[in-house]
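Numbering (the working numbering), first residue to last: 445 to 650.
What follows is a set of notes on a single structure, which appears directly below.
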């Protein structure tokens, strides 16, 4: 199944189980005989590592620009070539995360979209969500918050609400968006749902 690439992004609040779902989705797509290219943002490049590990140093517009710069480099060097080769690209975090985290950093939605104006839109944007209380419990269970965003008061509820708004914003721009509840669903069940959506989109029947 290499006739047409598809760009799939998976975003969601810290503690929702996103990376586990991404791994399960990649495994499911491989089982379904898709050629898959898995990647993530921030990337593992020097620029991406600066964004990933610099959240205590860089804030506001500086961080928003750093994340966007990493995204454009990512598109140029990895995502677009993989799509041209016909792969299903599965990206752990993309624009939706910017629409949430940069807003938590006091950047307006309009400014975030302007910074990402030339970024490719995904063919499928998946937003994972869950009960904020469950998310908070998961974060506590893994040793507490790991970023300054997660250390904000009531961060799980704030992220939950902002991801709902991000989903609406993506949809308003014509991006095919699916919001999936990960409160009780297993990663494997969520992966099957995403893989089925990918298959439908590849066949032209979203």
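C-beta atoms are modelled at their ideal positions from N, C-alpha and C, and glycine is treated no differently.
Because the structure is a prediction, the values reported are computed rather than measured.
- For residue 560, the number of other beta carbons within 10 angstroms of its own is at least 16, and it is reported as buried.
- In the structure shown, residue 536 adopts extended strand secondary structure according to DSSP, grouped into three states.
- Per DSSP, residue 494 is one residue of the alpha helix (DSSP H) stretching across 490–497.
- In this structure, DSSP gives residue 635 a helical state, which the three-state scheme calls helix.
- The segment 560–575 and the segment 624–634 touch, with three or more beta-carbon pairs separated by less than 8 Å.
- Inside the segment 562–625, DSSP marks whole beta strand (DSSP E) runs of 3 or more residues at positions 568–573, 621–625, from first to last along the chain.
- With a cutoff of 8 Å on beta-carbon distance, residue 544 and residue 478 are scored as not near each other.
- Under the DSSP assignment, residue 483 falls in the beta strand (DSSP E) whose first and last residues are 480–484.
- Note that the C-beta distance between residue 563 and residue 519 is below 8 Å.
- For the pair of segments examined, the segment 582–598 was found not to touch the segment 608–626: the number of CB pairs separated by less than 8 Å stays below three.
- Looking from the CA of residue 508, the closest CA among 556, 458, 606, 535 belongs to 556.
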